[in-house]
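What follows is a single structure, written as structure tokens, with notes after it.
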Amino acid sequence: SLPEETLGNIRIVFIGQTIEQIKESIPAILFEKIKDTLLPLGHLDDQDAANALAESDIFICPYIDGANSRRGTLMAAMKLGVPIITCKGKNFESIFRDIPNISIFDQENILFKKQFLKAFPVLMENRTNLDKQSMKNSYETYFSWSRVIEKYLSSWHK
442 SLPEETLGNI RIVFIGQTIE QIKESIPAIL FEKIKDTLLP LGHLDDQDAA NALAESDIFI
502 CPYIDGANSR RGTLMAAMKL GVPIITCKGK NFESIFRDIP NISIFDQENI LFKKQFLKAF
562 PVLMENRTNL DKQSMKNSYE TYFSWSRVIE KYLSSWHK
């Protein structure tokens, strides 16, 4: 069960999804409690997506194939320091396990929803105390362009 006070005055923004897709992505009990505060934005250009992410308390991305560095919106959320809920899958990159403020759940829909229900109240309760800078630092350490170029160039010298 999800306590009513957990939701407070949260507005939940979904980028690139319809109401029907959102309903499939999150537990029914949560959907019923938040359906009036949902804002499905559909497809956005890069700047509008970044603006929506910057205003978010949390980024939920249950990718079918798992979290990986080829997911632009995931990388943008990390760069902005937005806490993330994502999942494992065949293309999941294990580096995400070491990054603060990322919760990783099972990719299978029923397990994802169960784990999500358990973790969501805690994440919402702690969202103002999360250290966004530590996630931003992780992004710079592992995924910034300077780091990618450095890794690429070092591979040529081997």
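The opening residue of the sequence shown carries number 442 in our numbering; numbering runs sequentially from there. The beta carbon of each residue, even a glycine, is placed where N, CA and C say it ideally should be.
Would you kindly check if the distance between the Cβ of residue j and the Cβ of residue i is under 8 Å?
i    : j    : result
I540 : M516 : no
I564 : I470 : Per the sequence shown, the amino acid found at residue 564 is Leu instead of Ile. Not in contact: L564 and I470 (Cβ atoms no closer than 8 Å).
F557 : I545 : no
A493 : L479 : no
T527 : P503 : yes
G522 : K573 : yes
I505 : G530 : yes
G507 : N532 : yes
Y580 : M519 : yes
In the DSSP assignment, what residue or residues form a beta bridge with residue i?
i    : result
I590 : According to DSSP, I590 bridges with nothing at all.
F546 : C528
I460 : According to DSSP, I460 bridges with nothing at all.
I501 : I526
To the nearest whole angstrom, what separates the beta carbons of residue i and residue j, a pair I think is in contact under 8 Å?
i    : j    : result
P524 : N542 : 4 Å
**Three CB pairs or more closer than 8 Å across the region 482–494 and the region 535–554** = no
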